[in-house]
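Take the sequence shown: its letters are residues 67 to 490, numbered as in my numbering.
Each residue gets a CB set at the ideal place from its N, CA and C atoms; glycine is no exception.
Report on the structure given below.
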Amino acid sequence: MFALVDCNNFYASCERVFNPALRLRPVVVLSNNDGCIIARSEEAKALGIQMGMPEFKCRALLQSHDVTVFSSNYPLYGDMSTRVMMTLAALAPEIEVYSIDEAFLDMSGFARFDLTEYGRLIRKTVRQHTGIPVCVGMAPTKTLAKMANRLAKKNPHYQGVCLLRSAAEIQAALERTKVEDIWGIGRQWSKLLQAKRIESAADLAAAPAAWVRKNLHIVGARIQAELQGQSCLPMELMRPAKQSICTSRSFGRSVTSLEELQQAVATFAGKCAFKLRKEQSLASLLTVFIATSPFDDSCERYWGTRTASLPCPTSDSIAILQAAQAMLDGIFRAGKSYRKAGVMVSGIMPQAASSTTLSLFAEEAPAANERDTKIMQVMDAINRRYGSGAVHLAAENSESWKPHQERLSARYTTRWDDIIEVKG
Numbered sequence: 067m068f069a070l071v072d073c074n075n076f077y078a079s080c081e082r083v084f085n086p087a088l089r090l091r092p093v094v095v096l097s098n099n100d101g102c103i104i105a106r107s108e109e110a111k112a113l114g115i116q117m118g119m120p121e122f123k124c125r126a127l128l129q130s131h132d133v134t135v136f137s138s139n140y141p142l143y144g145d146m147s148t149r150v151m152m153t154l155a156a157l158a159p160e161i162e163v164y165s166i167d168e169a170f171l172d173m174s175g176f177a178r179f180d181l182t183e184y185g186r187l188i189r190k191t192v193r194q195h196t197g198i199p200v201c202v203g204m205a206p207t208k209t210l211a212k213m214a215n216r217l218a219k220k221n222p223h224y225q226g227v228c229l230l231r232s233a234a235e236i237q238a239a240l241e242r243t244k245v246e247d248i249w250g251i252g253r254q255w256s257k258l259l260q261a262k263r264i265e266s267a268a269d270l271a272a273a274p275a276a277w278v279r280k281n282l283h284i285v286g287a288r289i290q291a292e293l294q295g296q297s298c299l300p301m302e303l304m305r306p307a308k309q310s311i312c313t314s315r316s317f318g319r320s321v322t323s324l325e326e327l328q329q330a331v332a333t334f335a336g337k338c339a340f341k342l343r344k345e346q347s348l349a350s351l352l353t354v355f356i357a358t359s360p361f362d363d364s365c366e367r368y369w370g371t372r373t374a375s376l377p378c379p380t381s382d383s384i385a386i387l388q389a390a391q392a393m394l395d396g397i398f399r400a401g402k403s404y405r406k407a408g409v410m411v412s413g414i415m416p417q418a419a420s421s422t423t424l425s426l427f428a429e430e431a432p433a434a435n436e437r438d439t440k441i442m443q444v445m446d447a448i449n450r451r452y453g454s455g456a457v458h459l460a461a462e463n464s465e466s467w468k469p470h471q472e473r474l475s476a477r478y479t480t481r482w483d484d485i486i487e488v489k490g
């Protein structure tokens, strides 16, 4: 048995934890630069506010219904996620953190328990310890547990806990679930399935296995087996290594000069390099991109991108920054008004394996620059002690390229100055 525990409207719930007056009021959270809506409370959903809607398009609706609007506060959300996961880890022998607000629990050793009651205990404990409401779905496979969790959220009858154990319970859930709502079935596959009159999860579970494998490949075959009650997806107790790391920003204003873009790209390159060192990894490929606004006239739109191999796998900020600047020079077009830029590193490998990976055409392994390596170590140590960005390369300027966050709440759990004071 697996349990999927999913936090309800997570970002909005985090904001409500420290402001109880918001609990019955509509709340939305905006993306970087206060652009689009990325989280909604149930009250906000009831008003017809759509996920991904630009804030300026629904500003009148937000104001007329007195909706509380927040800028995204990722340090707060990340810390609250850690608290939720630590609470869940004490309630099951194994936990797989699937996302910032979801986790799978291994319930295979709980046969003697009333699992529905244990699900209610999980909800109560997480709410008591963190203030975050969750729903729990339990089933013999991960895909069915995802389905059970969705039913627990959508149907008040379940009171936040849905257990699918018997064949009859599973079949009823399959019949009530649309094929596009199945975990792992994307938009393209759902169109293909619907064209073949496969409308529900029950239809997919009963479809010919050979047809599913031919058209949906091995991934689709596993989904079908999971819907049939055969567990194909074991618990992943270790997070898989990242295949790529990207840092990008939409600018709050138009940027036209190469110098400003160089500063932005240098800042994003430095962040990518820091994340590589934090993962104890090296990157062999680098991508730089810049873009104008998608709302510009078609003749004014521009998307410039370039990818190149690094001379050798590295996590050195200096080497990555220099390569990024050279690539930016090749894609910059004067006269354009740029609204976004980003840097992505890929071809990632563990740092421990780097000594065995050599260039095909290199006559000898490149000698590591010990001076630059020591500089990176000192920078990281200072930033760990005094805060991110305390020391950085001169080409970087994190302050200038921070997202606009006019409605940012306090960092109640990660910043001393923002801790709530209780006065008698």
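Simplified DSSP assignment, three categories, for residue i
{"i": "Asp172", "result": "strand"}
{"i": "Pro92", "result": "coil"}
{"i": "Asp132", "result": "coil"}
{"i": "Ala349", "result": "strand"}
{"i": "Pro120", "result": "strand"}
{"i": "Pro86", "result": "helix"}
{"i": "Arg161", "result": "Here residue 161 is Ile; the residue named in the question, Arg, does not match the sequence. It is a strand residue."}
{"i": "Cys338", "result": "helix"}
{"i": "Ile441", "result": "helix"}
{"i": "Cys73", "result": "strand"}
{"i": "Ser137", "result": "strand"}
{"i": "Ile166", "result": "coil"}
{"i": "Val200", "result": "strand"}
{"i": "Ile448", "result": "helix"}
{"i": "Thr480", "result": "coil"}
{"i": "Pro469", "result": "coil"}
{"i": "Ser147", "result": "helix"}
{"i": "Glu183", "result": "helix"}
{"i": "Arg189", "result": "helix"}
{"i": "Ala460", "result": "coil"}
{"i": "Asn44", "result": "With the chain covering only 67 through 490, there is no way to say anything about residue 44."}
{"i": "Leu474", "result": "coil"}
{"i": "Glu366", "result": "coil"}
Other residues of its chain near residue i: CB distance less than 8 Å, five sequence neighbours each side excluded
{"i": "Glu160", "result": "Leu171, Asp172, Met301, Leu303"}
{"i": "Glu366", "result": "Thr358, Lys402, Ser403"}
Element boundaries [beta strand (DSSP E), containing residue i]
{"i": "Ala407", "result": "404 to 412"}
{"i": "Ser383", "result": "Element bounds for Ser383: not the beta strand (DSSP E) but the alpha helix (DSSP H), 383 to 397."}
{"i": "Leu376", "result": "369 to 380"}
{"i": "Arg106", "result": "103 to 106"}
{"i": "Val227", "result": "227 to 229"}
Residue i - partner residues in DSSP beta bridges
{"i": "Val321", "result": "Tyr404"}
{"i": "Ala205", "result": "Phe68"}
{"i": "Cys80", "result": "Paired residue(s): none; Cys80 is not in a bridge."}
{"i": "Met152", "result": "DSSP, once it has assigned bridges, lists no residue as partnering Met152."}
{"i": "Val245", "result": "Paired residues: none, contrary to the question."}
{"i": "Thr358", "result": "Tyr404"}
{"i": "Pro416", "result": "Ser347"}
Neighbourhood of residue i by C-beta, 7 Å cutoff - its chain only, sequence neighbours within 5 removed
{"i": "Lys337", "result": "Thr313"}
{"i": "Ala169", "result": "Val71, Met151, Leu154, Ile161, Glu162, Val163"}
{"i": "Glu472", "result": "Asp100, Ser137"}
{"i": "Asp247", "result": "Arg216"}
{"i": "Tyr184", "result": "Phe176"}
{"i": "Arg399", "result": "Tyr368, Gly370"}
{"i": "Leu258", "result": "Asn281"}
{"i": "Ser107", "result": "Asn75, Ala78, Pro92, Val93"}
6 Å CB neighbourhood of residue i in its chain, flanking five on each side removed
{"i": "Thr422", "result": "In this prediction, Thr422 scores a pLDDT of 47, lower than 50, which makes its location untrustworthy; the coordinate-derived value is nonetheless stated afterwards. Excluding positions up to five away in sequence, the list is empty."}
{"i": "Cys298", "result": "Arg288, Ala291, Glu292"}
{"i": "Thr322", "result": "Ser403"}
{"i": "Ala339", "result": "Ser381, Ser383, Ile386"}
{"i": "Phe317", "result": "Arg405"}
{"i": "Gly286", "result": "Val278"}
N-terminal and C-terminal residue of the alpha helix (DSSP H) that residue i is part of
{"i": "Ala238", "result": "233 to 242"}
Fill in: Whole alpha helix (DSSP H) elements within the segment 247 to 330, 4-residue minimum
253 to 261, 267 to 272, 275 to 293
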